[in-house]
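Chains as they are written, first to last, in the working numbering: chain A, 8 to 154; chain B, 8 to 154; chain C, 8 to 154; chain D, 8 to 154.
And the structure:
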């Protein structure tokens, strides 16, 4: 697999990010401008009413949108500069799934959106929708390699 | 302290939320429509470039805005329905501080905003700004007490 | 046509709104949770670089999302409480088209999104995407009729 | 006054924008990273309930935030790439005032926020709050001059 393949670049931003590993977010698939992830919800990720905490849902959506953006950013890494999330329903159950896609891939900025679903595979409900802007920045990992 | 005091209600949404305890978010002060928190950053909360993960920053900002909202929602609990966050600078260092205040307290909806600062107390930098809408809902804890 | 039909209710929020008529926004179609509009761009609606002003694009997207929301709000009217818009490309040319759909229809709040396209029918480009929250409120027109 | 002064550059984005002139938005003052505007509300700018249309409020807030951003962007012009607005109260009366300030001025991106007030000078109410990201782009007017 070439060093600059989309899959390797996207994988890297998942497995090099401590917090993403800590939450247990798993990269399921990557396409050209798309990304899919899942999360098995540990009890420590819930809020005061027993639902998955909004911060966990936002992190999953943000990072999956980042994965979709990274798949089209070539040698450049991506950095979220802003996002907006609407919580449509409380996220109950112990499994989340997220799909993201790129709306607009510019040279310096990428806009992506993500949907988060909760529940068992056949009975998933849409629980949140995120839209975000990312900047394309030089990937520190690539820089190190060239030096 | 009366059972419906702002401080008790706000404390409850911090200490009853597993994820907030898990991250290590600490409630520092509560006023009428204001809230302040701090977070000592553990290594597991960082992203691939060594900065605090955006999801941690968003969770801190969201929950602190929720604390400010809870301080003015009387018997009702609060639920985030949407938020928007702008990341102004990468959050480096090992300490975050967040202040939040209510922009508009309605009977059914509250709008609040939060600022997140990073760095040692005397050299803090503003790293993020959030604005969010919360709905006022019946507090399950209060309901239980009445039954 | 019954007085509470979706089409009549949606038409009303377009043709009773001075500013929407003033801009020249035209309601093209309404479905259950969907709405489509067009706008022929007058020169007075442009900004300093000759593109359609972002405020015009936002108004079109907001009002079309409002139309989609009104189609599912029954007797209640809808009121935008917040929206977020990403401008994906400058809107050039003299024709805009907008499609909107409801993401979540609650009893008190509705979340809708809208896409804005610019250019001639066969060569349209996506220029903006909006997501918004609306509250369902008593329709003053319905109230008047009952009195 | 030097050709690149903040005031001249900010004035230009107000008076060269057809739509801003058409609405009647007036630039009141400009500082380093701040901007203030007013709008006398014509009847054609209202919505179906008699309030100022949200699209007018958003345009005022967006353009005033753009003015604040333009005051710190040097030779570069500014372009809104996304904004988020919360409507806190219906905007009644016939006068709006908007103040904006820059939260973060980067070389390629600027984040600004704006507050919109409605009502007579001594009894103004906060009706909306906007946060937006702008890109710094080459000013076509400056380019022309150099050629």
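In this text, a Cβ means the ideal position worked out from N, Cα and C, and glycines have one as well.
Please report the residue range of the alpha helix (DSSP H) in which residue 27/D lies.
Mapped onto the fourth chain, residue 27/D falls at position 20. Segment 25-30, the alpha helix (DSSP H) holding residue 27/D.
Which chain C residues are close to residue 37/D, counting only those with a beta carbon under 9 angstroms from its beta carbon?
Mapped onto the fourth chain, residue 37/D falls at position 30. Chain C residues near residue 37/D: none, gap ~16 angstroms exceeds 9 angstroms.
Within 8 angstroms of any Cβ in chain A, is that where the Cβ of residue 44/D sits?
In the fourth chain, residue 44/D corresponds to position 37, counting from 1. By this cut-off, residue 44/D is not an interface position.
Quick check on DSSP: helix, strand or coil for residue 79/A?
Locating residue 79/A in the first chain gives position 72, counting from the first residue. In the structure shown, residue 79/A falls within a coil segment according to DSSP collapsed to helix, strand and coil.
Less than 8 angstroms between the beta carbons of residue 79/B and residue 141/B, yes or no?
For the purposes of this step, residue 79/B is identified with residue 72 of the second chain, where counting begins at 1. For the purposes of this step, residue 141/B is identified with residue 134 of the second chain, where counting begins at 1. Inclusion of residue 79/B and residue 141/B in the CB contact set at 8 angstroms is not warranted, their separation being larger than that value.
Checking contacts by CB at 8 angstroms: is residue 140/D closer than that to chain A?
The residue labelled residue 140/D in the question sits at position 133 within the fourth chain. Yes, its Cβ sits closer than 8 angstroms to a Cβ of chain A.
Rounded straight-line distance, which links the Cα of residue 115/C to that of residue 114/D
For this step, residue 114/D is matched to residue 107 along the fourth chain. For this step, residue 115/C is matched to residue 108 along the third chain. Roughly 43 angstroms between the two C-alpha positions.
With DSSP collapsed to three states, give me the class of residue 98/C.
Reading the third chain from its first residue, position 91 is the one you call residue 98/C. Correct three-state label for residue 98/C: coil.
Would you decide whether residue 111/C is buried or exposed? Buried here means 16 or more other CB atoms lie within 10 Å of its CB.
On the third chain, residue 111/C is found 104 positions in, with the first residue counted as 1. Under a 10 Å Cβ-count criterion, residue 111/C is classified as buried, with 16 or more other Cβ atoms of the shown protein chains found around its own Cβ.
Sequence ranges, beta strand (DSSP E) only - wholly within the stretch 87-141 of chain A, length at least 3
Counting whole runs of 3 or more residues, the stretch 87-141 of chain A contains the beta strand (DSSP E) stretches 102-112, 116-125.
Within a Cβ cutoff of 8 angstroms, which residues of the same chain sit near residue 74/D, ignoring the five residues on either side of it in sequence?
Numbered from 1 along the fourth chain, position 67 holds the residue referred to as residue 74/D. The residues are 17, 20, 21, 34, 37, 42, 44, 107.
Cut-off 6 angstroms between Cβ atoms - residues of its own chain near residue 88/C, not counting five sequence neighbours on either side:
Here residue 88/C is taken as the residue at index 81 of the third chain, counted from 1. Answer for residue 88/C: 140, 142, listed in chain order.
Near residue 63/C, what residues of its chain come up, given a Cβ to Cβ distance below 7 angstroms and the 5 sequence neighbours on each side ignored?
Locating residue 63/C in the third chain gives position 56, where the first residue counts as 1. Only 30, 52 meet the Cβ criterion.
Are the Cβ atoms of residue 159/B and residue 102/B separated by less than 8 angstroms?
The shown model of chain B, from 8 to 154, leaves out residue 159/B, and the question about it has no answer.
Where residue 38/D sits in the DSSP three-state scheme:
Translated into the one-based positions of the fourth chain, residue 38/D becomes position 31. DSSP, reduced to helix, strand and coil, places residue 38/D within a strand of the structure shown.
Proximal chain D residues relative to residue 92/C, where beta-carbon distance stays under 7 angstroms
Reading the third chain from its first residue, position 85 is the one you call residue 92/C. Correct list: 89, 90.
Chain D partners of residue 118/B, CB-CB under 8 angstroms?
In the second chain, the residue the question calls residue 118/B occupies position 111. Correct list: 93, 95, 136.
Residue 111/A touches chain C at which residues, Cβ-Cβ below 9 angstroms?
Translated into the one-based positions of the first chain, residue 111/A becomes position 104. Per Cβ cutoff of 9 angstroms: 93, 95, 96, 133, 136.
So, for residue 98/C: in the same chain, excluding its five sequence neighbours on each side, which residues have a beta-carbon less than 6 angstroms away from its beta-carbon?
Counting from 1 along the third chain, the entry for residue 98/C is found at position 91. 58, 59, 64, 125, 134, listed in sequence order.
N- and C-terminal bounds of the alpha helix (DSSP H) containing residue 19/D:
As a first step, residue 19/D must be located in the fourth chain, where it is residue number 12. It spans 13-22 - the alpha helix (DSSP H) in which residue 19/D sits, taken as one unbroken run.
Counting only beta-carbon atoms, is residue 71/D nearer than 8 angstroms to chain A?
Residue numbering aside, residue 71/D sits at position 64 when the fourth chain is read from its first letter. For residue 71/D, the answer is no, since every Cβ of chain A falls outside 8 angstroms of its Cβ.
Please list the partners that residue 65/D has in chain C, where partner means a Cβ-to-Cβ separation under 9 angstroms.
Residue mapping note: residue 65/D aligns to position 58 of the fourth chain, counting from 1. Among the residues of chain C, those whose CB is under 9 angstroms from the CB of residue 65/D are 61, 62, 65, 66, 69, 90, 92, following chain order.
Quick one: using the 10 Å Cβ neighbour count with 16 as the cut-off for buried, is residue 77/A buried or exposed?
Position 70 of the first chain, counted from the first residue, corresponds to residue 77/A. By the neighbour-count definition (other C-beta atoms within 10 Å, threshold 16), residue 77/A is a buried residue.
Coil, strand or helix - residue 48/C by DSSP:
Within the third chain, residue 48/C is the residue found at index 41, counting from 1. Coil.
Throw me the rounded Cβ distance for the residue 123/B and residue 67/B pair, which I believe falls under 8 angstroms.
Walking along the second chain from the start, residue 123/B turns up at place 116. Walking along the second chain from the start, residue 67/B turns up at place 60. Right, the Cβ-Cβ distance comes to about 6 angstroms (below 8 angstroms), so this counts as a contact.
8 angstroms Cβ cut-off: residues of chain B touching residue 25/A:
Indexing the first chain from 1 puts residue 25/A at position 18. Chain-order list of chain B residues neighbouring residue 25/A: 50, 51, 52, 53, 54, 60, by C-beta distance under 8 angstroms.
Give me the Cα-Cα distance between residue 127/D and residue 117/B, rounded to the nearest whole angstrom.
Your numbering for residue 127/D matches position 120 in the fourth chain. Your numbering for residue 117/B matches position 110 in the second chain. Each residue's Cα considered, the two are about 25 angstroms apart.
Option nearest residue 91/A by Cα separation, candidates 120/C, 144/C, 72/C
Your numbering for residue 91/A matches position 84 in the first chain. With distances taken between Cα atoms, residue 91/A lies closest to 120/C.
Less than 8 angstroms between CB atoms is the rule here; does residue 29/C satisfy it with respect to chain D?
Within the third chain, residue 29/C is the residue found at index 22, counting from 1. In terms of beta-carbon proximity, residue 29/C lines the interface with chain D, with at least one pair separated by less than 8 angstroms.
Find out if the Cβ-Cβ distance for the pair residue 14/D, residue 72/D is shorter than 8 angstroms.
As a position in the fourth chain, residue 14/D is number 7, starting the count at 1. As a position in the fourth chain, residue 72/D is number 65, starting the count at 1. Taking C-beta atoms as the reference points, residue 14/D and residue 72/D fail to come closer than 8 angstroms.
If you check the beta carbons only, do residue 94/A and residue 40/A fall under 8 angstroms apart?
Walking along the first chain from the start, residue 94/A turns up at place 87. Walking along the first chain from the start, residue 40/A turns up at place 33. Going by C-beta atoms, residue 94/A is not nearer than 8 angstroms to residue 40/A.
Looking at chain G, is there any beta carbon in it that lies within less than 8 angstroms of the beta carbon of residue 115/C?
Absent here is chain G; the protein component of the structure consists of chains A, B, C and D.
Residue 159/D to residue 24/A, Cα distance in whole Å?
This structure leaves residue 159/D out entirely; chain D is present only between 8 and 154.
Residue 84/B bridges to which residues according to DSSP?
Position 77 of the second chain, counting from 1, holds the residue named residue 84/B. Residue 84/B is bridged to 144/B.
Would residue 48/D be called buried (16 or more neighbouring beta carbons within 10 Å of its own) or exposed?
The count along the fourth chain starts at 1 and reaches residue 48/D at position 41. A residue is called buried once 16 or more other Cβ atoms fall within 10 Å of its Cβ, and residue 48/D is buried on that count.
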